[in-house]
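Below is one structure, written out as structure tokens; comments come after it.
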Ligand code: SF4
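In my numbering, the protein residues as written are 2 to 379.
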């Protein structure tokens with residue numbers, strides 16, 4: 002098991018679901034249909050519920066969507082969240098039907114431009130409070146508050162996101178509304194990692210919704226998301242997550258299955274990237290494996306690496322075991338020792354230095370030598 006110390010976030014109640022406060026990380030998704038297409042949206046809800054979603058989000062853009070939401074809401078067996086698009090005033094109409102409302106700070110500028118943003122936030126928070134709803138401050142790289150974006154250098158897209166999230170948290174706090182979580186999403190996993198890490202460092206008590214926006218189709222979309230989640234969750238960041246995949250409507254349950262699989266992999270030490278923050282002692286991580294695995298002996302190899310290095314368990318050493326030559330060389334760079342499989346041999350490296358390749362039945366002895374050398378050098 003990977004030892005993970007979660008951030009001490011406060012609990013946020015979303016109907017019967019609680020995120021934060023040490024609760025398991027909730028997995029959610031979003032209906033991809035036009036909300037007013039009742040049969041299609043109902044089917045999405047059923048699919049996502051059947052896949053084990055903890056929460057489903059629905060987009061609402063106009064009066065017809067609100068009416069559809071009103072009819073779908075009593076049928077839902079899990080909490081619903083609604084995505085307010087540009088019309089923040091819809092909060093009053095949708096709040097009675099949902100347990101959570103997401104608003105995008107960057108969208109509060111489109112309507113009633115003369116009205117202060119703070120008043121709009123106060124309106125949304127008031128509607129949420131009256132209707133027993135939670136809020137999500139959902140900051141998105143593609144739609145950051147234009148004034149904030151201009152106040153940072155053009156090449157810095159992360160600072161405006163973090164600043165926007167912090168400002169809206171401060172506004173909600175001043176309004177006395179603390180039942181909220183925050184998301185900072187980008188399509189680049191590295192930016193997602195940095196934005197969330199920076200935000201969590203300043204507001205470690207605020208629950209965070211993790212996601213890589215427009216991640217794309219599997220398998221690339223899954224890989225991008227997995228890398229961001231691996232790095233953040235191992236740092237204790239993240240209380241709920243969504244995997245955004247471009248898949249046919251009928252396969253939407255895949256977002257939930259992938260989300261749970263990534264969580265399971267993280268907690269059992271199967272990683273696609275080497276997490277920067279891991280437990281204090283020996284950490285053996287192995288990739289989750291996929292069709293690229295070059296030899297079935299990979300799984301056995303990962304197990305044996307764990308067994309033969311147990312004697313070093315008090316030492317802070319990270320060993321990464323990867324299943325193929327495509328990603329193995331790069332993905333092991335951040336480990337102290339890395340192994341990756343080829344059909345008939347295993348490559349070994351120390352940091353970024355390649356040490357050669359060895360038959361499957363000899364590599365473990367060589368690995369132990371390297372572990373001894375590392376221990377002696379520290
Ligand atoms: S390292 Fe290779 S085998 Fe392992 S998950 Fe990545 S691509 Fe698949």
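In this text, a Cβ means the ideal position worked out from N, Cα and C, and glycines have one as well.
Residue 323: beta carbon under 8 Å from a heavy atom of ligand 1?
-> As a first step, residue 323 must be located in the chain shown, where it is residue number 322. Yes, the beta carbon of residue 323 sits closer than 8 Å to at least one heavy atom of ligand 1.
Report yes if the CB atom of residue 333 is closer than 9 Å to the CB atom of residue 321, and no otherwise.
-> The residue you call residue 333 lines up with position 332 of the chain shown. The residue you call residue 321 lines up with position 320 of the chain shown. The Cβ-Cβ distance between residue 333 and residue 321 falls below 9 Å.
Kindly examine ligand 1 and report whether one of its heavy atoms sits closer than 8 Å to the Cβ of residue 327.
-> Working through the chain shown from its first residue, we reach residue 327 at position 326. For ligand 1, at least one heavy atom lies less than 8 Å from the Cβ of residue 327.
What did DSSP end up calling residue 39 once you bin it into helix, strand or coil?
-> Taking the chain shown and counting its residues from 1, one reaches residue 39 at position 38. Correct three-state label for residue 39: helix.
Would you be able to state if there are at least three C-beta pairs under 8 Å between the stretch 155-168 and the stretch 218-228?
-> Verdict: no, contact absent.
Spatially closest choice to residue 170 from 30, 48, 123, by CA coordinates = To locate residue 170, count along the chain shown from 1; it is residue 169. Of the listed residues, the one whose Cα sits closest to residue 170 is 123.
Provide the residue(s) that pair with residue 29 in DSSP beta bridges, ordered along the chain.
-> Position 28 of the chain shown holds residue 29. Residue 29 is bridged to 56, 243.
Exposure label - residue 357; buried when at least 16 CB within 10 Å = Sequence index remark: in the chain shown, residue 357 carries index 356 (1-based). That one is exposed.
Taking residue 373 as part of the alpha helix (DSSP H), name the residues at either end of that continuous run.
-> One-based indexing of the chain shown puts residue 373 at position 372. DSSP places residue 373 in the uninterrupted alpha helix (DSSP H) bounded by 364-377.
Report the residue from 262, 337, 349 whose alpha carbon sits nearest the alpha carbon of residue 326.
-> Residue numbering aside, residue 326 sits at position 325 when the chain shown is read from its first letter. Closest in alpha carbon position to residue 326, among 262, 337, 349, is 349.
Note down the Cα distance separating residue 295 from residue 301, rounded to an integer number of angstroms.
-> Sequence index remark: in the chain shown, residue 295 carries index 294 (1-based). Sequence index remark: in the chain shown, residue 301 carries index 300 (1-based). Answer to the nearest angstrom: the Cα atoms are 13 Å apart.
Going straight from the alpha carbon of residue 360 to that of residue 340, what length do you get?
-> Numbered from 1 along the chain shown, position 359 holds the residue referred to as residue 360. Numbered from 1 along the chain shown, position 339 holds the residue referred to as residue 340. The straight-line gap from Cα to Cα measures roughly 12 Å.
The alpha helix (DSSP H) enclosing residue 165, as first and last residue numbers = In the chain shown, the residue the question calls residue 165 occupies position 164. Where residue 165 is concerned, the enclosing alpha helix (DSSP H) stretches over 159-175.
Residue 257 - DSSP class collapsed to helix/strand/coil = To locate residue 257, count along the chain shown from 1; it is residue 256. Collapsing the DSSP output to three states places residue 257 in a helix.
Is residue 105 buried or exposed, if buried means 16 or more other CB atoms sit within 10 Å of its CB?
-> As a working note, residue 105 is residue 104 in the chain shown. Around the beta carbon of residue 105, 16 or more other beta carbons sit within 10 angstroms, so the residue counts as buried.
Compute every distance between the C-beta of residue 221 and the non-hydrogen atoms of ligand 1, then say whether any falls below 8 Å.
-> Counted from its first residue, the chain shown places residue 221 at position 220. Result no, Cβ not under 8 Å from ligand 1.
Would you be able to state if there are at least three C-beta pairs under 8 Å between the stretch 19-32 and the stretch 238-253?
-> In short, these stretches touch, since the Cβ pair count reaches three.
Three-state secondary structure (DSSP) at residue 142?
-> Sequence index remark: in the chain shown, residue 142 carries index 141 (1-based). Looking at residue 142 - three-state DSSP - the assignment turns out to be helix.
Using only the heavy atoms of ligand 1, determine whether one of them is closer than 8 Å to the beta carbon of residue 294.
-> Taking the chain shown and counting its residues from 1, the one referred to as residue 294 is at position 293. Shortest gap from the CB of residue 294 to any heavy atom of ligand 1: under 8 Å.
What residue range is occupied by the uninterrupted beta strand (DSSP E) comprising residue 359?
-> If you number the chain shown from 1, residue 359 lands on position 358. Element bounds for residue 359: 354-359.
Determine the DSSP secondary structure at residue 50, reduced to helix, strand or coil.
-> Taking the chain shown and counting its residues from 1, one reaches residue 50 at position 49. The DSSP-derived three-state label of residue 50 is helix.
Using a threshold of 9 Å, state whether the C-beta atoms of residue 98 and residue 85 are closer than that.
-> The residue labelled residue 98 in the question sits at position 97 within the chain shown. The residue labelled residue 85 in the question sits at position 84 within the chain shown. Residue 98 places its beta carbon 9 Å or farther from that of residue 85.
If you count every other CB in all the chains shown that lies within 10 Å of the CB of residue 72, and 16 or more means buried, which is it?
-> Taking the chain shown and counting its residues from 1, the one referred to as residue 72 is at position 71. Per the 10 Å Cβ criterion, exposed.
Could you tell me whether any non-hydrogen atom of ligand 1 is closer than 8 Å to the CB of residue 332?
-> Numbered from 1 along the chain shown, position 331 holds the residue referred to as residue 332. Yes, the beta carbon of residue 332 sits closer than 8 Å to at least one heavy atom of ligand 1.
Under 8 Å Cβ to Cβ from residue 11, same chain only, skipping five residues before and after it: list those, please.
-> Working through the chain shown from its first residue, we reach residue 11 at position 10. Its chain contains 21, 22, 179, 206, 207, 208 as the residues whose beta carbon lies nearer than 8 Å to that of residue 11, once the 5 sequence neighbours on both sides are disregarded; these appear in chain order.
Grouping DSSP H, G and I as helix and E and B as strand, with all else coil, what is residue 14?
-> Position 13 of the chain shown holds residue 14. Reduced to three states, the DSSP call for residue 14 is strand.
Where does residue 74 sit, in a helix, a strand or coil, going by DSSP?
-> Translated into the one-based positions of the chain shown, residue 74 becomes position 73. In this structure, residue 74 counts as helix in the three-state DSSP scheme.
Cut-off 6 Å between Cβ atoms - residues of its own chain near residue 382, not counting five sequence neighbours on either side | Here the chain has residues from 2 to 379 only, and residue 382 is not among them.
Taking C-beta to C-beta, are residue 314 and residue 365 nearer than 9 Å?
-> By one-based count along the chain shown, residue 314 stands at place 313. By one-based count along the chain shown, residue 365 stands at place 364. With a cutoff of 9 Å on beta-carbon distance, residue 314 and residue 365 are scored as not near each other.
Based on the DSSP output, what are the partners of residue 252 in its beta bridges?
-> Against the chain shown, residue 252 aligns to sequence position 251. The partner list for residue 252 (beta bridge, DSSP) is empty, contrary to what the question assumes.
Residues near residue 134 by beta carbon distance below 7 Å, same chain, minus five either side = As a position in the chain shown, residue 134 is number 133, starting the count at 1. In its chain, beyond the 5 residues on either side, 96, 99, 100, 101, 102 have a beta carbon closer than 7 Å to the beta carbon of residue 134.
To the nearest angstrom, how far is it from the Cα of residue 204 to the Cα of residue 239?
-> As a working mapping, residue 204 is identified with position 203 in the chain shown. As a working mapping, residue 239 is identified with position 238 in the chain shown. Looking at the two C-alpha atoms, the distance is approximately 12 Å.
Same chain only: Cβ atoms within 7 Å of residue 51, ignoring 5 sequence neighbours per side | The residue labelled residue 51 in the question sits at position 50 within the chain shown. Hits under 7 Å: 254.
Neighbourhood of residue 213 by C-beta, 6 Å cutoff - its chain only, sequence neighbours within 5 removed = For the purposes of this step, residue 213 is taken as the residue at position 212 of the chain shown. Spatial neighbours of residue 213 in its own chain (CB-CB distance under 6 Å, excluding positions within 5 residues in sequence) are listed in chain order as 190, 193, 225, 226, 229.
Would you grab the beta carbon distance between residue 137 and residue 210 for me? Rounded to a whole angstrom, and I think it's under 8 Å.
-> Here residue 137 refers to the residue found at position 136 when the chain shown is read from its first residue. Here residue 210 refers to the residue found at position 209 when the chain shown is read from its first residue. Indeed, because the Cβ distance is near 6 Å, the residues count as touching under 8 Å.
What span of residues does the alpha helix (DSSP H) with residue 302 cover, start to end?
-> By one-based count along the chain shown, residue 302 stands at place 301. Membership of residue 302 in the alpha helix (DSSP H) is indicated by the continuous run 298-309.
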